[in-house]
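For reference, each letter of the sequence shown is one residue, going 14 to 454 in our numbering.
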Amino acid sequence: MSEGLPTGFFWGVATSAYQIEGAHDEDGRTPSIWDTFCRRPGAVANGETGDVACDHYHRMPADVSMIARLGVDRYRFSVSWPRVQPGGRGQVNPKGVDFYSRLVDELLEKGVDPWLTLYHWDLPQELEDAGGWPHRDTAYRFAEYAGLVHDALGDRVRTWTTLNEPWCSAMLGYDTGRHAPGRKNFAEAVRAVHHLLLAHGLASQELRSRGVGSLGITLNMGVSTPASDDPRDVDAARRADGLGTRIYLDPLVHGRYPEDVLIDIAARGAEIPVRSGDLEIISTPMDVLGVNYYTSHVFKATDNPAAPEVVPQGLPVTAMGWEIVPSGLTRLLVRLQQDYGVPMVITENGAAFDDAADEDGFVADADRADYLASHISAVAEAVRAGADVRGYFAWSLMDNFEWGYGYDKRFGIVRVDYETQQRTLKQSAQWFRDLITRSRS
Ligand code: IFM
């Protein structure tokens, strides 16, 4: 399955701050937009919150030992902005920084390389109150925060990711309202896209000026296929690809927004608030593109060009209802190589299933192991076809807070019993550990 992966290909597991840390009001941390959103009636399944989550803030050393026992090369985690810079402005919070400093030290001591993401959706609430991502100043606040984190950890962390999945921050946060902060306004979402990209560029400049080993951004992507040759279906797929992928990668890599996407969004009454010099900042060269892949879609046009129908292909689905399409990952990676040519790493790939634990907490999740195996094979196939892919992170290390789904959906290769906080390796974790061992021999 891993035949064809290049020498030096690395393996990792991934998490994010709000999904695992808990300790939401400890040691000076202030609320993020997710703390606020979780308290909005009906926003999150069962009214759940990340207040405790996996209690990783208090269990970090043991969690790092568990990560090391999996044999991974790298651990991808995110830093909580309101923990490190409460309120999103001003001085660092020494206790917040100390947590990440200890995390990095624990990882390095155990031979696991830290892969740090600066923003995985937990905007300080005060910055949302000041306008959030539709407001240009938020990009400058982010660059300042990036510099502060680098000042604290840059001596030990080599790999820096600015943003995780800006599509989710912009579109789910400001258009559909399914994610924090829960606004529903397409024009604001488009402004958020630009300011997230600007934030990435400004932060990249801050980080580069201080010195980094490797710098990039992570995007969630799939392939968009038309349901038929009908030009309307072809156009529906083009639009989905435009708003899902090209609106990010064209400015990031080529320094321009795609013309067809500008026309599409103008027809919906929105405009990208680009200013002179922005695109040069946004296209600050990156070393690695993080690719998060879960599924791909087939699109059929409807009477509303902004709302095409997703046509199920009759494939098996995960507990999220997402079809399992490993071939889409191969196609995506080959296409990204051709159109953008940036070295890539799979920064997330994994699946939620309805796990059944035995009395010891063990889950025989052959379905999840199969999902991972088929997608790792798809990566190897893309590499054989010429894609430059350098590593793979499984999402996720452990079950955690799955945003609007609360704790109902479990993506972990490690089971978390939320009553006791006991961690138990699932069959998929054992399989992943053995794969890593085999791939080295
Ligand atoms: O849990 C999320 C993660 O935070 C971002 N990427 C997708 C995952 C599964 O939905």
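Don't be surprised by glycine CBs; every beta carbon is placed ideally from N, CA and C.
task = Could you name the residues of the same chain whose beta carbon sits closer than 8 Å to that of P194, not counting the 5 residues immediately before and after it, in chain order?
result = Walking along the sequence shown from the start, residue 194 turns up at place 181. For P194, same chain residues with a beta-carbon under 8 Å away, outside a window of 5 residues either side, are I46, T49, F50, L136, E141, G145, G186, Y187 in chain order.
query = Within this structure, are the beta carbons of F312 and A249 separated by less than 8 Å?
reply = Along the sequence shown, one-based indexing puts residue 312 at 299. Along the sequence shown, one-based indexing puts residue 249 at 236. Yes, the pair counts as a contact, with Cβ atoms nearer than the cut-off.
query = Are the C-beta atoms of Y431 and some chain B residue less than 8 Å apart?
reply = No chain B is part of this structure, which consists of one protein chain only.
query = G224: buried (16+ other C-beta within 10 angstroms of its C-beta) or exposed?
reply = Within the sequence shown, the letter at position 211 stands for residue 224. Its Cβ having fewer than 16 others within 10 Å, G224 is exposed.
message = With a threshold of 8 Å on Cβ separation, who are the neighbours of L232 within its own chain once the five nearest residues in sequence on each side are excluded?
response = Stepping through the sequence shown from its first residue, residue 232 is reached at position 219. Excluding residues within five positions, the ones whose Cβ falls inside 8 Å are E178, P179, W180, T258, Y261, L262, L302, G303, V304, N305.
key: Close beta carbons around D373, own chain, < 8 Å, minus the five adjacent residues each side   = The residue labelled residue 373 in the question sits at position 360 within the sequence shown. So the qualifying residues of the chain are T437.
task = Just tell me which of A382, I295, S15, R451 has its CA closest to the CA of L176.
result = The sequence position of residue 176 within the sequence shown is 163, counting from 1. Nearest of A382, I295, S15, R451 to L176, Cα basis: I295.
query = Mapping DSSP to helix, strand and coil, what is I276?
reply = Numbered from its first residue, the sequence shown carries residue 276 at position 263. Collapsing the DSSP output to three states places I276 in a helix.
ask   = Considering only residues of the same chain and omitting the five flanking positions on each side of D401, which have a CB-CB separation below 7 Å?
value = Translated into the one-based positions of the sequence shown, residue 401 becomes position 388. These residues qualify, in order along the chain: Q350, P356, M357.
inquiry  = Using a Cβ distance threshold of 8 Å, determine whether the stretch 426–445 contacts the stretch 372–392, with at least three qualifying pairs required.
reply    = The stretch 426–445 vs the stretch 372–392: in contact.
request  = Give the C-beta separation of A332 and D367 to the nearest angstrom, bearing in mind that I take them to be a contact with Cβ-Cβ under 8 Å.
outcome  = Counting from one through the sequence shown, the residue named residue 332 turns up at place 319. Counting from one through the sequence shown, the residue named residue 367 turns up at place 354. For A332 against D367, the beta-carbon gap comes to about 5 Å, under 8 Å, which counts as contact.
Proximal residues to V236 (C-beta, below 6 Å), its chain only, five neighbours per side dropped = The sequence position of residue 236 within the sequence shown is 223, counting from 1. If you ignore the 5 residues before and after V236, its C-beta comes within less than 6 Å of the C-beta of S309, G341, R344, L345, all in its own chain and listed in chain order.
inquiry  = My assumption, with CB atoms under 8 Å, is that V125 sits in contact with R169. Please give the rounded CB distance.
reply    = By 1-based counting over the sequence shown, the position of residue 125 is 112. By 1-based counting over the sequence shown, the position of residue 169 is 156. So it is not a contact: roughly 12 Å between Cβ atoms.
Host beta strand (DSSP E) of E361 (start-end) = Within the sequence shown, residue 361 is the residue found at index 348, counting from 1. In this chain, the beta strand (DSSP E) harbouring E361 covers 357–361.
Touch test, the stretch 88–103 against the stretch 19–29, Cβ-Cβ under 8 Å, three pairs minimum = The stretch 88–103, when compared against the stretch 19–29, does touch it at the 8 Å Cβ threshold.
key: Which of helix, strand or coil DSSP assigns to T49   = Sequence index remark: in the sequence shown, residue 49 carries index 36 (1-based). Three-state result, T49: helix.
task = Could you tell me if the beta carbon of W444 falls within a distance shorter than 7 Å of some heavy atom in the ligand IFM?
result = Here residue 444 refers to the residue found at position 431 when the sequence shown is read from its first residue. For the ligand IFM, not one heavy atom lies less than 7 Å from the Cβ of W444.
request  = Might you give, ordered along the chain, the residues of its own chain that have their beta carbon closer than 6 Å to the beta carbon of V247, omitting 5 neighbours on each side?
outcome  = Taking the sequence shown and counting its residues from 1, one reaches residue 247 at position 234. The answer, listed in chain order, is P239.
task = My understanding is that W134 touches Y70, with C-beta atoms under 8 Å, so please give their C-beta distance in whole angstroms.
result = Against the sequence shown, residue 134 aligns to sequence position 121. Against the sequence shown, residue 70 aligns to sequence position 57. Contact doesn't hold; Cβ gap of about 17 Å is too wide.
key: Residue closest to L448, alpha-carbon to alpha-carbon, out of E361, A386, T297, K108   = Walking along the sequence shown from the start, residue 448 turns up at place 435. The shortest C-alpha separation from L448 is found at A386.
query = With distances taken between CB atoms, is the gap from A253 to L211 smaller than 8 Å?
reply = Indexing the sequence shown from 1 puts residue 253 at position 240. Indexing the sequence shown from 1 puts residue 211 at position 198. No, the Cβ-Cβ distance between A253 and L211 is not below 8 Å.
query = Within 7 Å: the Cβ of E219 and any heavy atom of the ligand IFM?
reply = Counting from one through the sequence shown, the residue named residue 219 turns up at place 206. At a cut-off of 7 Å, the beta-carbon of E219 does not count as near the ligand IFM: no heavy atom of the ligand is closer than that.
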